[in-house]
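Below is one structure, written out as structure tokens, with a few remarks after it.
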Amino acid sequence: EWTGAALAGTWNFADSGKVSLTSGNNNDAATFDENTGYDVDMDGFTTLTGKINLTTYNEVNNSINVVFDLDGVPAGNSVNLNDYIDTGLIGSEQNFVIPKADLGLLNESVNRFIITVARTGGAKPTFTLDDIQLEETGASAVFKATTPVGTRYHIRQIRVSLADDISGIVTGSTTTFPTMPGLAYDQILGVSALTNGIVFSRIQKGETKFASTLKQLGDFLSTGYDLVNMISDGTNTYITISVTFPEPIILEGGSDSFMSYTINDNLSGLLQFTAFMLGAIEV
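Per the numbering used here, the sequence shown starts with residue 1, numbered consecutively.
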């Protein structure tokens, strides 16, 4: 269990079970300490996860920096939470997942981490944090869509196909709904809601333009995906979900520009998980 305290600023650690910063000055900081009486060996962990709800925030003027240390000595390196969230999403809680490798940690021991708010001007940032924890699941897998240097790819649609051994059928009627496979909104087919989630990101010239964490089928549907195909042979169920953008997303060639799905949980319970990005090359 990590317990927190303010180093500087108006941090509230009893705000409905969350941690809130009500008005952030430059270098306001909070420290979170391991209070079980021993250091944490990072060899057994893969990611730092949590939730954040931005109330007032401007990524140009604001950043939220996270770093671990051991007895006051920095371990690894600091990361900017702006790179792992959608900084334009105001008033809605979102998840973040920071891989251990990004923090510069392998098998080091740590006993606290520090969150520091940097502000260069403008309105003071306000936000809440919740469910900050280290995850012990397997290593993340990143699947990227890229295009060659000098090429511009106009992506208009993403299609995700999933299959699992779901045999349950919901019998419909002629007046209400059709017969269909029994799918739960709080699962991904037969897999329980994910702990860390699948992170969909758009990176342009090294900057995160968009990031969304998906833990269950309902998350896909509530963020713009449509269920477009659904079939079952009575033993296995196959579905396709897709999202079509109002205007194509332009993916410019280069190693630091891509769109990706990062798998942070074990999806071996699925029979299939594939994603396709459809569009056209600019000529």
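Note that CB positions come from ideal geometry on N, CA and C, so glycine has one too.
Unbroken beta strand (DSSP E) stretches of 3 residues or longer found wholly inside the segment 67-125: 73-80, 93-99 and 112-119, given in chain order. Between the C-alpha atoms of Val160 and Asp15 there is a straight-line separation of about 38 angstroms. Taking C-beta atoms under 8 angstroms as the contact rule, Asn236 and Asp164 qualify, at a distance of about 7 angstroms. Each of Asn27, Ala6 and Val60 was checked against the Cα of Ser20, and the nearest Cα belongs to Ala6. Under the three-state reduction of DSSP output, Ser140 falls in the coil class, being neither helix nor strand.
Shown here, Asp256 sits in coil according to DSSP, grouped into three states, outside any helix or strand. A distance below 7 angstroms separates the beta carbons of Thr55 and Phe127. Between Thr213 and Asp265, the C-beta spacing is not below 7 angstroms. When secondary structure is reduced to three states using DSSP, Asp219 falls in the helix class. The C-alpha of Gly91 lies about 13 angstroms from the C-alpha of Pro125.
With a threshold of 16 other beta carbon atoms within 10 Å, Gly50 meets it and is buried. Across the structure, Ser63 and Asn80 are spaced so that their CA atoms are roughly 6 angstroms apart.
When rounded, the separation of the alpha-carbon atoms in Val117 and Pro181 is 48 angstroms. For Ala14, the enclosing beta strand (DSSP E) stretches over residues Trp11 to Asp15.
Per the coordinates, the alpha-carbon of Thr262 lies some 6 angstroms from the alpha-carbon of Phe143.
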